Amino acid sequence: MSSTATPVSSASEIPKITLHWLEKSCSQRILWLLEELSILYGIEVHKRDPKTNLTLPELKTVHPLGKFPVITVGDHTIAESAVIVEYLSEHFRTALIPSKWKDGCKGKLGGDTEEYLHYRYYMHYCEGSLMSLLMVSLVANSLRAPVPFFICPVTSGISAKIRSGYLEPNLVTHFGLTSADIMMSFPILRPGPAGLAKETHSKLFAYAELLKGSESYKRAVDKIVKLEGKYTLL
């Protein structure tokens, strides 16, 4: 894993970065990224409604939709995990982003490297496809009901896609840790992961262990324990 950082302005010139942390949310990915970037940041902790487990109305002062995670960078308020991850990665650590252009093809349509397209796909596949299905499963589990029958074929297809497209023949980490790995960590690191069996998804479990071995991930977990008293994913 590369540790080469993109040159940035002196610390006194960098706008203050604050992570708005909502308990029981996907904010852990942003905390991991901030630790990986080794930059100064603050954390503002927000709680859910203890009765409904929903976001409190007053948190709309942080973001109009009450969505989390959110970061503030100077005067900017930035929401949506993929946007936050791309924004910070592009500013502070281009080594987390695979090289975009093939030799001699900079700026040319179709001149992108396979590694870069692979990276961009999983940056957005996570939230655009995988997380929505994961949320359906979480809601069904919270109601103590099975995943609806019409969702089962889709979840099976998603599982197969992860295994064949993301883990075979190469892990993203074959190219070094990328921001896409950090994005994918939330569904991948859930217990199971996500209810899958190790016997049938051994590479997926191996990938999860690889992610958990990152020193910056371990630092993020330690901070989460200090914030919430324990570390659990939804």
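FYI, in full-length UniProt numbering the residues of the sequence shown are 1 to 234.
Each residue gets a CB set at the ideal place from its N, CA and C atoms; glycine is no exception.
Note that this is a predicted model, so its numbers are computed, not measured.
Does residue i pass the burial test, meaning 16 or more other C-beta atoms within 10 Å, or should it be called exposed?
| i | result |
| --- | --- |
| C105 | exposed |
| E215 | exposed |
| E168 | Annotation note: pLDDT 46 at E168 (below 50); position unreliable, coordinate value reported separately. So E168 counts as exposed. |
| S202 | exposed |
| L117 | exposed |
Going by CA-CA distance only, name the one from the options that's closest to residue i.
| i | options | result |
| --- | --- | --- |
| L189 | K212, I71, L227, E127 | K212 |
| K60 | P50, L37, H46 | H46 |
| R93 | Y207, L37, Q28, M183 | L37 |
| T18 | G74, N53, L56 | G74 |
| I30 | F186, E209, K203 | F186 |
| K226 | T200, I43, V62, K67 | I43 |
| M131 | S202, Y207, I39, M183 | M183 |
| I71 | E90, K16, T113 | K16 |
| E58 | G107, G66, K51 | G66 |
Is the beta carbon of residue i sitting closer than 8 Å to the one on residue j?
| i | j | result |
| --- | --- | --- |
| E224 | Y231 | Sequence check: residue 224 is Ile here, not Glu. Yes. |
| W101 | G110 | no |
| residue 235 | L22 | Since the displayed the chain opens at 1 and closes at 234, residue 235 lies outside it and no answer follows. |
| Y119 | A197 | no |
| P69 | S99 | no |
| T178 | I97 | yes |
| A82 | H124 | yes |
| E35 | A208 | no |
| R48 | L40 | no |
Note the first and the last residue of the continuous alpha helix (DSSP H) segment covering residue i.
| i | result |
| --- | --- |
| L54 | L54 -> no alpha helix (DSSP H), and no H or E assigned at all. |
| V83 | 81 to 92 |
| V62 | Per DSSP, V62 belongs to no alpha helix (DSSP H) and is neither H nor E. |
| I224 | 215 to 228 |
| I182 | 179 to 188 |
Go to residue i, then tell me how far its beta strand (DSSP E) extends in each direction, as first and last residue.
| i | result |
| --- | --- |
| E127 | Per DSSP, E127 belongs to no beta strand (DSSP E) and is neither H nor E. |
| I71 | 70 to 73 |
Could you tell me which uninterrupted alpha helix (DSSP H) segments, each at least 4 residues in length, are contained entirely in the region 89 to 125, listed from first to last along the chain? 114 to 125
Length at least 4, wholly inside the region 17 to 46: the alpha helix (DSSP H) runs in chain order: 28 to 37
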